[in-house]
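A.B. asks:
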Amino acid sequence: KGATAGAVGEAKGFGIYLDDCASEVEVRGNTVARTSAGVFLHNAHHCLLTGNTFFDNDVQMLIVHDDIAPEAEAAIRGVMFTGNTLISRTPRQLVLSATSRTEDFSKFGTFDRNVYARPADQGLIVEQGIGSNLPQAYDLEGRRAVTGLDAGTVPAAVTIAPYTIAALGPNLVAGGDFAQAAKGVSVWSKTGATEAGWIEGKLDGGCLQHRLKTPSGTPQTSLLMIPAGAVAAGKRYLLRFSILGAADHGSARVRLRESDAPWGYLTDAQSVKVDRTRRECSVLFTAPSDRRGSLVEWSFNERDGAFWLDNVTLQEATVSEADPSIFRLETNPTDQPRTIRLDQSWVDVAGKFYEGSLTLPPRASLVLLRKDACVGSK
8 KGATAGAVGE
18 AKGFGIYLDD
28 CASEVEVRGN
38 TVARTSAGVF
48 LHNAHHCLLT
58 GNTFFDNDVQ
68 MLIVHDDIAP
78 EAEAAIRGVM
88 FTGNTLISRT
98 PRQLVLSATS
108 RTEDFSKFGT
118 FDRNVYARPA
128 DQGLIVEQGI
138 GSNLPQAYDL
148 EGRRAVTGLD
158 AGTVPAAVTI
168 APYTIAALGP
178 NLVAGGDFAQ
188 AAKGVSVWSK
198 TGATEAGWIE
208 GKLDGGCLQH
218 RLKTPSGTPQ
228 TSLLMIPAGA
238 VAAGKRYLLR
248 FSILGAADHG
258 SARVRLRESD
268 APWGYLTDAQ
278 SVKVDRTRRE
288 CSVLFTAPSD
298 RRGSLVEWSF
308 NERDGAFWLD
318 NVTLQEATVS
328 EADPSIFRLE
338 TNPTDQPRTI
348 RLDQSWVDVA
358 GKFYEGSLTL
368 PPRASLVLLR
378 KDACVGSK
């Protein structure tokens, strides 16, 4: 990574990369783990991907249609993506990320009968963005609703706790219950068309209301910021809040940033669901450096700009992370069956249990989770 005061860059490595205008390619029976993206379709079209496993990559499937070769008119069409297993090990890993020049995701092809598993958080596993605009995040239900794709795709049948909180410090957000007013709150949008104020009776007594004064009808990004206290390098902080939106299948991104010049970002953004159902959200951050003050920032597209916010707290947290050994990737690169001895009980993302031993067919793989680490296991 580059210096945090300047440009930040990382080299990317992709397990399978179908680049500009690649077509009539068949990708079958592969296993890709621990890369930047398990498979990357960049302006590729009319390809078949089936029977593959993508595990523990930063994103399991990455799809991008951009203007890098506009003369080719390489829109992503005719992709057949069926019978694949995509497994994100951590709650920060996306299952699928797609970016296009227009909102044409429903035209990408046939996506069906896959497994989209993120046992640590089966919520917003998909992101879809148009150009450089802020991406929208969706759960599997939302992806189906907005694209019509993945009707027969299933989530993980097992869940794990991504972390446990052992202790919490004092609240660093003053007045985050908005009992009588919304003080210190600031908003920003390119058009200046947003405002925040106090309202009573929508959530728990008083709450913060954010709204658009004059909607533009375009995917403009807006920001809402609430001041918080000092943070210390390497410390973990748990943000909690209640939120209610006015649109279906909406989302917002939240992160910590500096409270004074140069107003830089302190953490990466994480997505939360914002829709017509009240949501109780928890987001865990790690402060990269000492700061005398901080801001909690929510960013969102115009379609999600009407919402109500309450019970905002930011507290230093003592956290125990999930043990990476919860997961186990087994592969068989040979042309003969492979027997694997198991020292304890395991389960796959479909919920099938394994004890004693298992046999992997030739050229196959299997991702297992420790049964005792799964929520509700006995």
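Heads up, the sequence shown is in this note's numbering, so the first residue is 8 and it goes up one at a time.
Using N, Cα and C, we set each Cβ at its ideal position, and we do this for glycine too.
1. Just to confirm the assignment: which complete alpha helix (DSSP H) runs, minimum length 4, are found wholly within the stretch 217–290?
2. Using the three-state DSSP reduction, which class does residue 97 fall into: helix, strand or coil?
3. Out of 168, 217, 199, 94, which has the shortest C-alpha to C-alpha gap to residue 206?
4. Check residue 120 in the structure and name its three-state DSSP category.
5. Closest to residue 192 by C-alpha separation, out of 198, 380, 182, 295, would be which residue?
6. With burial defined as no fewer than 16 other Cβ atoms inside 10 Å of the residue's Cβ, what is the status of residue 360: buried or exposed?
7. Checking 8 Å against the spacing of the C-beta atoms, do residue 311 and residue 258 come in under that value?
8. Who are residue 136's beta bridge partners in DSSP?
9. Kindly indicate the opening and closing residues of the alpha helix (DSSP H) around residue 147.
10. Closest to residue 130 by CA distance: which of 340, 304, 286, 174 is it?
11. Using a Cβ-Cβ cut-off of 6 Å (strictly less than) and excluding sequence neighbours within five positions of residue 136, which residues of its own chain qualify?
12. Just to confirm, are residue 334 and residue 374 a CB contact at a threshold of 8 Å?
13. Below 8 Å on the Cβ atoms is my contact criterion, and I expect residue 261 with residue 304 to pass it. Report the Cβ-Cβ distance as a whole number of Å.
14. In angstroms with no decimal places, state the Cα-to-Cα distance between residue 112 and residue 154.
15. Alpha carbons only, please: which of 40, 255, 347 is nearest the one belonging to residue 68?
16. Would you kindly check if the distance between the Cβ of residue 302 and the Cβ of residue 263 is under 8 Å?
17. Does DSSP classify residue 379 as helix, strand or coil?
18. Determine the extent of the beta strand (DSSP E) in which residue 166 is found, giving its start and end residues.
19. Only counting the same chain, and skipping five residues up and downstream in sequence, which positions put a Cβ closer than 7 Å to that of residue 21?
20. Can you give the Cα-Cα distance for residue 133 and residue 233, rounded to whole angstroms?
21. State the DSSP-derived secondary structure class of residue 337, mapped to helix, strand or coil.
22. My output table needs one value for residue 31: the three-state DSSP class, helix, strand or coil.
23. Can you tell me whether residue 158 is buried or exposed, with buried defined as 16 or more other CB within 10 angstroms of its CB?
24. Three-state secondary structure (DSSP) at residue 19?
25. Which runs of the beta strand (DSSP E) fall wholly inside the stretch 47–84 and span at least 3 residues, in chain order?
26. So what's residue 362 in DSSP terms, helix, strand or just coil?
27. Tell whether a beta-carbon distance below 8 Å holds between residue 364 and residue 346.
28. Taking only three categories from DSSP, how would you classify residue 9?
29. Assign residue 28 to buried or exposed, taking buried as 16 or more other Cβ atoms, counted over all protein chains shown, within 10 Å of its Cβ.
C.D. replies: Looking at the atomic coordinates:
1. Entirely contained in the stretch 217–290, not one alpha helix (DSSP H) run reaches 4 residues.
2. For the purposes of this step, residue 97 is identified with residue 90 of the sequence shown, where counting begins at 1. Coil.
3. On the sequence shown, position 199 is the one that residue 206 refers to. The alpha carbon of residue 206 has as its nearest neighbour, out of 168, 217, 199, 94, the alpha carbon of 217.
4. The residue labelled residue 120 in the question sits at position 113 within the sequence shown. Coil at residue 120, not helix or strand.
5. Against the sequence shown, residue 192 aligns to sequence position 185. Nearest of 198, 380, 182, 295 to residue 192, Cα basis: 182.
6. Position 353 of the sequence shown holds residue 360. Residue burial is scored here from C-beta neighbours: residue 360 has fewer than 16 other C-beta atoms within 10 angstroms and is therefore classed as exposed.
7. On the sequence shown, position 304 is the one that residue 311 refers to. On the sequence shown, position 251 is the one that residue 258 refers to. Going by C-beta atoms, residue 311 is nearer than 8 Å to residue 258.
8. Here residue 136 is taken as the residue at index 129 of the sequence shown, counted from 1. In the DSSP output, where bridge partners are listed per residue, residue 136 has 106.
9. The residue you call residue 147 lines up with position 140 of the sequence shown. The continuous alpha helix (DSSP H) containing residue 147 extends over residues 147–154.
10. Residue 130 sits at position 123 when you count from the first residue of the sequence shown. Ranked by how close their Cα comes to the Cα of residue 130, the residues 340, 304, 286, 174 have 286 in first place.
11. The residue you call residue 136 lines up with position 129 of the sequence shown. Counting only Cβ-Cβ distances below 6 Å, and skipping sequence neighbours, we find 106, 142.
12. The sequence position of residue 334 within the sequence shown is 327, counting from 1. The sequence position of residue 374 within the sequence shown is 367, counting from 1. Contact flag set, yes.
13. Taking the first residue of the sequence shown as position 1, residue 261 is located at position 254. Taking the first residue of the sequence shown as position 1, residue 304 is located at position 297. Contact holds; Cβ gap of about 7 Å.
14. One-based indexing of the sequence shown puts residue 112 at position 105. One-based indexing of the sequence shown puts residue 154 at position 147. Cα to Cα, the separation comes out at about 6 Å.
15. What you label residue 68 is simply residue 61 of the sequence shown in a count that begins at 1. Residue 68 has its Cα closest to that of 40, out of 40, 255, 347.
16. Counting from 1 along the sequence shown, the entry for residue 263 is found at position 256. Counting from 1 along the sequence shown, the entry for residue 302 is found at position 295. In this structure, the beta-carbon distance from residue 263 to residue 302 falls below 8 Å.
17. Position 372 of the sequence shown holds residue 379. The answer is helix: DSSP assigns residue 379 an H, G or I state.
18. The residue labelled residue 166 in the question sits at position 159 within the sequence shown. In the DSSP assignment, residue 166 falls outside any beta strand (DSSP E), carrying neither H nor E.
19. Here residue 21 corresponds to residue number 14 of the sequence shown, with the count starting at 1. Counting only Cβ-Cβ distances below 7 Å, and skipping sequence neighbours, we find 42, 43, 44, 47.
20. By one-based count along the sequence shown, residue 133 stands at place 126. By one-based count along the sequence shown, residue 233 stands at place 226. Whole-angstrom Cα-Cα distance: 27 Å.
21. Here residue 337 corresponds to residue number 330 of the sequence shown, with the count starting at 1. Looking at residue 337 - three-state DSSP - the assignment turns out to be strand.
22. Looking up residue 31 in the sequence shown gives position 24. Taken through DSSP and simplified to helix, strand or coil, residue 31 comes out as coil.
23. Walking along the sequence shown from the start, residue 158 turns up at place 151. Looking at its Cβ environment, which holds fewer than 16 other Cβ atoms inside 10 Å, residue 158 is exposed.
24. Taking the sequence shown and counting its residues from 1, the one referred to as residue 19 is at position 12. It is coil, neither helix nor strand.
25. Whole beta strand (DSSP E) segments, 3+ residues: 55–57, 60–62, 66–71.
26. To locate residue 362, count along the sequence shown from 1; it is residue 355. In this structure, residue 362 counts as coil in the three-state DSSP scheme.
27. In the sequence shown, counting from the first residue as 1, residue 364 sits at position 357. In the sequence shown, counting from the first residue as 1, residue 346 sits at position 339. Taking 8 Å as the Cβ cut-off, residue 364 and residue 346 qualify as a contacting pair.
28. Position 2 of the sequence shown, counted from the start, is the residue given in the question as residue 9. With a pLDDT of only 46 at residue 9, under 50, the local geometry of the prediction cannot be trusted, and the value read off the model is given with reservation. Correct three-state label for residue 9: coil.
29. Along the sequence shown, one-based indexing puts residue 28 at 21. Looking at its Cβ environment, which holds fewer than 16 other Cβ atoms inside 10 Å, residue 28 is exposed.
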